[in-house]
Amino acid sequence: MVNKLYLVTPRGFCAGVEMAIKALKWLLKVYDQTIYCYHEIVHNKWIVKEFEKKNVVFVEDPKDIPDGAIVMLSAHGTSPTIEKRFNQISSMTINSVCPLVTKVHHEAKKFSNENTQIIYVGHKNHDEAKGALGVSPKNMHIVESINDVDKLDIGENVALLAQTTLAKSEWEPIMNYSKTKYPDLKMPRKSDLCYATTNRQQAITEILPNVDTVLVVGSENSSNTQALVTMVENNNVAAYRIDDVKDIENLNLKGNIAITAGASAPDHIVYEIIEQINPSELENFKPIEEAEYFPLPQQLRANIKNVADFLNIFNTSGSYPKSEFGISNDKKWTATEALNSL
Ligand code: SF4
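Dropping the structure here:
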């Protein structure tokens, strides 16, 4: 029997995920053909399946798209070499990389141009890490642990960057060790760990003293979801990652529980789980306000504006949707609405 369930905010979609989902939906709206997406648009099983049903094909290599295809590159960032190959084959490639990932790519480029060796703290098989390492493969060295840093023999001119979605508990020990090993270590002025990852971890940290268990909604390959689970477990509280409501069937949930969601998890799954648990009491817990918004990729906005202007030439009946529903008013439209309208 669950006594009290804390619904923690901020949770779920971050500004980067919102932007990428809406960008892909815009391509489906405008182009009546298969859209090819490099990597999962965001790391969530349910979202990927919904897009697949609507004629989006997810690929892992530019050779898997036909000549002239329309392509979207995922929120996690793409290595410049791969992006170039997509550009050569496609008729249009839209890059829906999160601006906070782009920031790390810019830092990698800057340090690399200064002939600095770069330690990149990240998960070796994660799409974001693969994209970032592609910025300067010769200068960048991925590490997952202090032991990995210890083994490096790369001179003294060294910089430290990070995957945006790491748990603080993964990042901080490696950062501190690197600072000791490399006294002149260069680092970006602003942390690479993104606001959404940090806020979700901070919010759940604040509720931990009140709960016996934390449920984290999100898919297995979602790094920030895994970071939330790790962070809770490191504080000696039970944590379960839940993809959908079926995953709670075999859990013996009791006492007080908190529920949160990784940055790519849709909120309807959170509410289905709450309904299934049916706690005696439900309390909203919102220690942090979040209001970030990232505009759609510039190339997509320009492309859709051109299409809209072209259609308007023939719009003598005034029957096309008003501009308030158009791309320039994207801020009023949410990714949840975009997914509901698929
Ligand atoms: S989790 Fe952070 S870095 Fe990743 S898409 Fe969201 S805002 Fe961008």
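Note that the sequence shown covers residues 209 to 550 in the working numbering. Note that the Cβ used here is the ideal one computed from N, Cα and C, for glycine as well.
Output the distance between the C-alpha atoms of residue i and residue j, rounded to the nearest integer angstrom.
i           : j           : result
residue 297 : residue 272 : 10 Å
residue 318 : residue 383 : 20 Å
residue 551 : residue 453 : As shown, the chain starts at 209 and ends at 550. That puts residue 551 outside it, with no answer to give.
residue 504 : residue 231 : 6 Å
residue 545 : residue 228 : 13 Å
residue 314 : residue 386 : 21 Å
residue 551 : residue 304 : Residue 551 is absent from the structure shown; the chain starts at 209 and stops at 550.
residue 495 : residue 216 : 8 Å
residue 264 : residue 470 : 23 Å
residue 394 : residue 338 : 22 Å
residue 443 : residue 416 : 8 Å
residue 301 : residue 256 : 19 Å
residue 269 : residue 491 : 45 Å
residue 510 : residue 536 : 10 Å
residue 465 : residue 408 : 16 Å
residue 448 : residue 295 : 41 Å
residue 354 : residue 381 : 7 Å
residue 479 : residue 404 : 20 Å
residue 291 : residue 445 : 42 Å
residue 344 : residue 316 : 7 Å
residue 299 : residue 374 : 35 Å
residue 538 : residue 240 : 21 Å
residue 423 : residue 254 : 18 Å
residue 507 : residue 461 : 47 Å
residue 410 : residue 499 : 16 Å
residue 425 : residue 223 : 18 Å
residue 237 : residue 371 : 32 Å
residue 308 : residue 436 : 19 Å
residue 288 : residue 341 : 10 Å
residue 328 : residue 209 : 45 Å
Looking at residue i and the ligand SF4, is the gap between the Cβ and the nearest heavy atom below 7 Å?
i           : result
residue 499 : no
residue 373 : yes
residue 429 : no
residue 224 : yes
residue 309 : yes
residue 402 : yes
residue 316 : no
residue 471 : yes
residue 544 : no
residue 324 : no
residue 306 : yes
residue 413 : no
residue 283 : yes
residue 405 : yes
According to DSSP, simplified to helix, strand and coil, what is residue i?
i           : result
residue 349 : strand
residue 433 : helix
residue 339 : helix
residue 453 : helix
residue 463 : strand
residue 492 : strand
residue 323 : coil
residue 263 : coil
residue 239 : coil
residue 486 : coil
residue 360 : coil
residue 395 : coil
residue 515 : helix
residue 334 : coil
residue 468 : strand
residue 369 : strand
residue 217 : coil
residue 542 : coil
residue 421 : strand
residue 210 : strand
residue 156 : Look at the range of the chain in this structure, 209 to 550, and you will see that residue 156 is not part of it.
residue 550 : coil
Cutting at 6 Å between CB atoms, please list the residues of its own chain near residue i, excluding the five before and the five after it.
i           : result
residue 488 : 211
residue 242 : 263, 265
residue 472 : 225, 250, 251, 252, 430
residue 214 : 415, 466, 491, 493
residue 233 : 546
residue 221 : 543
residue 367 : 319, 324, 326, 394
Looking only at its chain, what residues have a beta carbon closer than 7 Å to the beta carbon of residue i, apart from the 5 residues adjacent to it on each side?
i           : result
residue 258 : 547, 550
residue 362 : 325, 349
residue 459 : 448
residue 248 : 256, 266, 282
Say the cut is 7 Å; is the CB of residue i nearer than that to a heavy atom of the ligand GTP?
i           : result
residue 432 : The model depicted lacks the ligand GTP and carries the ligand SF4 instead.
Please go through the same chain and pick out, in chain order, the residues whose beta-carbon is closer than 8 Å to the beta-carbon of residue i, but skip the five residues on each side of it.
i           : result
residue 377 : 438, 439, 442
residue 428 : 434, 449, 451
residue 392 : 364, 365, 366
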